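Chemist: Supplied in structure tokens, the structure appears directly below.
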Amino acid sequence: MLQSPFQKSKIEEFTELLKDDHRVKVAGVDLDGILRGKVMVKSKFLSIIESGFGFCSVIFGWDMHDKTYSEELSVSNAANGYRDIIAIPDMSTFRRIPWEDNIPFFLLSFYEPATREPLAVCPRGVLKRVTDELESMGWEAMCGAEFEFFNFKESPDTLEAKGHTKPEALTPGMFGYSLLRPSLNQGYFYDVFDECRNFGVNIESFHTETGPGVFEAALSYDNATNMADMANLFKLSVKQLGMRQGIMPTFMAKPYGDQPGCSGHLHFSLRDIVTKTNLFASSLNNSADHALNSGNSGNDNRPDWETSVEGISNMSQIMKWFTAGLLTGLPSIMAILAPNINSYKRLVENYWAPVTVSWGIESRVSAIRVIGPPQCDPKGTRIEMRVGGADINPHLAIAACLAIGLYGIKNKLPMPVGPTTTEAEVEISQGKDNVKVKAERLPKSLKDSANAMLESNSIARQVLGDAFVEHYGATRLNEYRIWETAVTTWETKRYFELV
Numbered sequence: 025m026l027q028s029p030f031q032k033s034k035i036e037e038f039t040e041l042l043k044d045d046h047r048v049k050v051a052g053v054d055l056d057g058i059l060r061g062k063v064m065v066k067s068k069f070l071s072i073i074e075s076g077f078g079f080c081s082v083i084f085g086w087d088m089h090d091k092t093y094s095e096e097l098s099v100s101n102a103a104n105g106y107r108d109i110i111a112i113p114d115m116s117t118f119r120r121i122p123w124e125d126n127i128p129f130f131l132l133s134f135y136e137p138a139t140r141e142p143l144a145v146c147p148r149g150v151l152k153r154v155t156d157e158l159e160s161m162g163w164e165a166m167c168g169a170e171f172e173f174f175n176f177k178e179s180p181d182t183l184e185a186k187g188h189t190k191p192e193a194l195t196p197g198m199f200g201y202s203l204l205r206p207s208l209n210q211g212y213f214y215d216v217f218d219e220c221r222n223f224g225v226n227i228e229s230f231h232t233e234t235g236p237g238v239f240e241a242a243l244s245y246d247n248a249t250n251m252a253d254m255a256n257l258f259k260l261s262v263k264q265l266g267m268r269q270g271i272m273p274t275f276m277a278k279p280y281g282d283q284p285g286c287s288g289h290l291h292f293s294l295r296d297i298v299t300k301t302n303l304f305a306s307s308l309n310n311s312a313d314h315a316l317n318s319g320n321s322g323n324d325n326r327p328d329w330e331t332s333v334e335g336i337s338n339m340s341q342i343m344k345w346f347t348a349g350l351l352t353g354l355p356s357i358m359a360i361l362a363p364n365i366n367s368y369k370r371l372v373e374n375y376w377a378p379v380t381v382s383w384g385i386e387s388r389v390s391a392i393r394v395i396g397p398p399q400c401d402p403k404g405t406r407i408e409m410r411v412g413g414a415d416i417n418p419h420l421a422i423a424a425c426l427a428i429g430l431y432g433i434k435n436k437l438p439m440p441v442g443p444t445t446t447e448a449e450v451e452i453s454q455g456k457d458n459v460k461v462k463a464e465r466l467p468k469s470l471k472d473s474a475n476a477m478l479e480s481n482s483i484a485r486q487v488l489g490d491a492f493v494e495h496y497g498a499t500r501l502n503e504y505r506i507w508e509t510a511v512t513t514w515e516t517k518r519y520f521e522l523v
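The structure is reproduced here in structure tokens:
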């Protein structure tokens, strides 16, 4: 096949950029958010820039511990011989890994061999389908990510020797926003901040959180694709940098039963591609809001909270529809926001984690926190999805939230509930009155979340597609089945002697 001038120039460009290198590292993202990749000789890499190369599909046919799923799934299975799929490097993701002798690094996306269409279950491909739809509307999604993670004085070997129990915390006590605790491990703390920046993973702020040896990093706001890539690479970077100093970080949602868990909060806004105007800020979109609301008789019967609750007026109509989509579709994407068994140990009452379908202005007890003036400039107006833990797959979590938010916009959905009044209550409209009711509880287990996603007409199916939902939902049920047959240390401690 003849190369287009663009493709040829790309090859020439990277031949020059990599002239002093002899090896290249590449990696793609699996369904658990784990980077799977390899190092290849430079000549091989340059030969596959256009056409891609074969990559074993088993990365979508096994779990995070490389055990194939008990139920054979369509993408990769024994019947198709765990065939190759096509991996193509995304040349825009080029960066160098500073702590690995500056080896060149590229992220991969995966494609069907016969059609060259994006693989239905490729996390980067799932996100691209949503961002492409937004682009067709003249919009761009902007995102932020925050991760909390505990750190331990351990290595894979020492943790294995302990039976993965009683890891030694990096520092003792509860010291959120401490200036003292980071100085105990200053080399590691600043390595994370500085080396991530050198790796093209931009940290906006970094501090201790409440808990023994726990840090929190907020990544700099960026477009959805860049943010998902940076969020995934941030986790990898922290783990690699920690291992170099005898430190083992964890992004599991709930390492301790008696401590707060690790959140993975995501921030969202939409902006006009041309003008860069934040479409969520009402003060910046007065004319657009008027046009959107013209002829909409539903606005004549708005609930009281629309005009009585401070801060609602700062939300554009697009933002309200987006939020309504998130609230309506939230139960059907819980298997993405809480993808593991342990995720649901974090989502319990009294530990700063949301457990209901709820939203509020500057509310940290709700699933969705609306942020706007006076807490920020109008151009910073955004929503924060507070359900996800640090164990999320960033590409899938961002894609799912954007997809159900867009579903709300396209269907001009009304808010299913009013803003949060307490942690457990929301307001709903009954005629002309607002009534406080118990908020809808989010699914309490991975099994419940997976089944909600797999329902025949779930919103997840409508926005993410049957092929993705069938495959992904089955992987979560596989995880639950493994858990069902596991015998835990809690059980042996409680029952071994006394029953």
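Numbering of the sequence shown is given in our numbering, commencing with residue 25 and proceeding in unit increments.
We put the beta carbon where it would ideally sit given N, CA and C, even for glycine.
Quick caveat, the model's predicted, so the values are computed rather than measured.
#1: According to DSSP, is Thr380 helix, strand or coil?
#2: Taking the straight line between their C-alpha atoms, what separation do you get for Asp114 and Leu131?
#3: Starting from Ser332, follow its DSSP beta bridges and name the residues at the other end.
#4: Let me know if Val523 comes out buried or exposed under the rule of 16 or more other beta-carbons within 10 Å of its beta-carbon.
#5: Considering only residues of the same chain and omitting the five flanking positions on each side of Ile227, which have a CB-CB separation below 8 angstroms?
#6: Between which two residues does the alpha helix (DSSP H) containing Pro147 stretch?
#7: Should Gln341 go down as buried or exposed, given a rule of 16 or more other Cβ atoms within 10 Å for buried?
#8: From the DSSP output, read off the bridge partner residues of Pro273.
#9: Could you check how far apart the C-beta atoms of Asp87 and Glu503 are, in whole angstroms? I think they sit under 8 angstroms.
#10: Around the C-beta of Ala359, are 16 or more other C-beta atoms found within 10 angstroms, so that it is buried, or is it exposed?
#11: Which runs of the beta strand (DSSP E) fall wholly inside the stretch 214-295 and span at least 3 residues, in chain order?
#12: How close, in whole Å, do the beta carbons of Gly349 and Tyr214 come, if the pair is a contact with beta carbons under 8 angstroms?
#13: For Leu354, is the classification buried or exposed, using 16 other Cβ atoms within 10 angstroms of its Cβ as the cut-off for buried?
#14: State the Cα-Cα distance for the pair Glu386 and Cys400, rounded to the nearest angstrom.
#15: May I ask which residues mark the beginning and end of the beta strand (DSSP E) holding Val487?
#16: Taking the beta carbon of Asn126 as the centre, do at least 16 other beta carbons fall within 10 Å, making it buried, or is it exposed?
#17: Classify Asn366 as helix, strand or coil using the three-state DSSP reduction.
#18: Can you tell me whether Asp56 is buried or exposed, with buried defined as 16 or more other CB within 10 angstroms of its CB?
#19: From the DSSP output, in three-state form, read off Asn502 for me.
#20: Assign Ala165 to one of two classes, buried (16 or more other C-beta atoms within 10 Å of its C-beta) or exposed (fewer than that).
#21: Measuring alpha carbon to alpha carbon, tell me which residue in Ser179, Pro236, Lys186, Ile392 is nearest Gly270.
#22: With a Cβ-Cβ cutoff of 8 angstroms, do Arg410 and Ser287 count as a contact?
#23: Would you call Gly281 buried or exposed, if buried means 16 or more other Cβ atoms sit within 10 Å of its Cβ?
#24: In whole angstroms, what is the alpha-carbon distance linking Asp54 and Tyr375?
#25: Taking the CB atoms as reference points, tell me whether Gly162 and Ala305 lie closer together than 8 angstroms.
#26: Over what stretch of residues does the alpha helix (DSSP H) that includes Phe69 continue unbroken?
#27: On the criterion of 16 or more Cβ atoms from any shown chain inside 10 Å, does Asp170 qualify as buried, or is it exposed?
#28: What does the Cβ neighbour count give for Tyr93, buried or exposed, with the cut at 16 atoms within 10 Å?
#29: Excluding the 5 residues flanking Asp253 on each side, which residues of the same chain have their C-beta closer than 7 angstroms to its C-beta?
#30: Who are the near neighbours of Ser321 in its chain, counting only those whose CB is closer than 6 angstroms to its CB and skipping five residues on each side?
#31: Which runs of the beta strand (DSSP E), 3 residues or longer, sit entirely within the stretch 63-122?
#32: Taking Cβ positions, are Val441 and Val381 nearer each other than 8 angstroms?
Modeler: Looking at the coordinates:
#1: Counted from its first residue, the sequence shown places residue 380 at position 356. Strand at Thr380.
#2: Along the sequence shown, read from residue 1 onward, the residue named residue 114 stands at position 90. Along the sequence shown, read from residue 1 onward, the residue named residue 131 stands at position 107. Asp114 and Leu131: Cα-Cα distance of roughly 6 angstroms.
#3: As a working mapping, residue 332 is identified with position 308 in the sequence shown. For Ser332, which the question treats as bridged, DSSP gives no partner whatsoever.
#4: Residue numbering aside, residue 523 sits at position 499 when the sequence shown is read from its first letter. Label assigned to Val523: exposed.
#5: If you number the sequence shown from 1, residue 227 lands on position 203. Here the set comprises Val216, Phe217, Cys220, Arg221, Ala241, Ala242, Leu243, Ser244, Phe258.
#6: Here the question's residue 147 lines up with position 123 in the sequence shown. Start and end: 147-160.
#7: By 1-based counting over the sequence shown, the position of residue 341 is 317. Looking at its Cβ environment, which holds 16 or more other Cβ atoms inside 10 Å, Gln341 is buried.
#8: Within the sequence shown, the letter at position 249 stands for residue 273. Asn175, per the DSSP bridge assignment.
#9: Mapped onto the sequence shown, residue 87 falls at position 63. Mapped onto the sequence shown, residue 503 falls at position 479. Right, the Cβ-Cβ distance comes to about 7 angstroms (below 8 angstroms), so this counts as a contact.
#10: Counting from 1 along the sequence shown, the entry for residue 359 is found at position 335. Ala359 comes out buried.
#11: Unbroken beta strand (DSSP E) stretches of 3 residues or longer found wholly inside the stretch 214-295: 227-232, 238-243, 272-274, given in chain order.
#12: As a working mapping, residue 349 is identified with position 325 in the sequence shown. As a working mapping, residue 214 is identified with position 190 in the sequence shown. Actually they are not in contact, since the Cβ atoms of Gly349 and Tyr214 sit about 40 angstroms apart, beyond 8 angstroms.
#13: The sequence position of residue 354 within the sequence shown is 330, counting from 1. Buried, by the Cβ-count rule.
#14: Numbered from 1 along the sequence shown, position 362 holds the residue referred to as residue 386. Numbered from 1 along the sequence shown, position 376 holds the residue referred to as residue 400. Roughly 11 angstroms between the two C-alpha positions.
#15: Stepping through the sequence shown from its first residue, residue 487 is reached at position 463. Not the beta strand (DSSP E): Val487 falls in the alpha helix (DSSP H), residues 483-488.
#16: Taking the first residue of the sequence shown as position 1, residue 126 is located at position 102. By the Cβ neighbour-count rule, Asn126 is exposed, with fewer than 16 other Cβ atoms within 10 Å of its own.
#17: Here residue 366 refers to the residue found at position 342 of the sequence shown. The answer is coil: DSSP assigns Asn366 none of H, G, I, E or B.
#18: On the sequence shown, position 32 is the one that residue 56 refers to. Classification for Asp56: buried.
#19: Working through the sequence shown from its first residue, we reach residue 502 at position 478. Three-state result, Asn502: helix.
#20: To locate residue 165, count along the sequence shown from 1; it is residue 141. The residue is buried, with at least 16 neighbouring Cβ atoms inside 10 Å.
#21: Reading the sequence shown from its first residue, position 246 is the one you call residue 270. It is Ser179 whose Cα lies nearest to the Cα of Gly270.
#22: For the purposes of this step, residue 410 is taken as residue 386 along the sequence shown, with counting starting at 1. For the purposes of this step, residue 287 is taken as residue 263 along the sequence shown, with counting starting at 1. Yes, the Cβ-Cβ distance between Arg410 and Ser287 is below 8 angstroms.
#23: Locating residue 281 in the sequence shown gives position 257, counting from the first residue. Under this definition Gly281 is an exposed residue.
#24: Working through the sequence shown from its first residue, we reach residue 54 at position 30. Working through the sequence shown from its first residue, we reach residue 375 at position 351. For Asp54 and Tyr375, the distance between alpha carbons rounds to 30 angstroms.
#25: The count along the sequence shown starts at 1 and reaches residue 162 at position 138. The count along the sequence shown starts at 1 and reaches residue 305 at position 281. The answer is no: Cβ separation not under 8 angstroms.
#26: Numbered from its first residue, the sequence shown carries residue 69 at position 45. Looking at the DSSP string, the run of the alpha helix (DSSP H) that includes Phe69 is 66-71.
#27: Position 146 of the sequence shown, counted from the start, is the residue given in the question as residue 170. It is worth fixing the name first, because residue 170 is Glu in this sequence and not Asp. Its Cβ being crowded by 16 or more others within 10 Å, Glu170 is buried.
#28: If you number the sequence shown from 1, residue 93 lands on position 69. Buried is the call here.
#29: The residue you call residue 253 lines up with position 229 of the sequence shown. Result list for Asp253: Thr117, Leu131, in chain order.
#30: Counting from one through the sequence shown, the residue named residue 321 turns up at place 297. Only weak support is given to the placement of Ser321: the predicted model assigns it a pLDDT of 42, under 50, and the value that follows is read from those uncertain coordinates. Cβ neighbours of Ser321 within its own chain (closer than 6 angstroms, five residues either side excluded): none.
#31: Runs found: 77-80, 108-121.
#32: The residue you call residue 441 lines up with position 417 of the sequence shown. The residue you call residue 381 lines up with position 357 of the sequence shown. Result yes, Cβ atoms of Val441 and Val381 sit closer than 8 angstroms.
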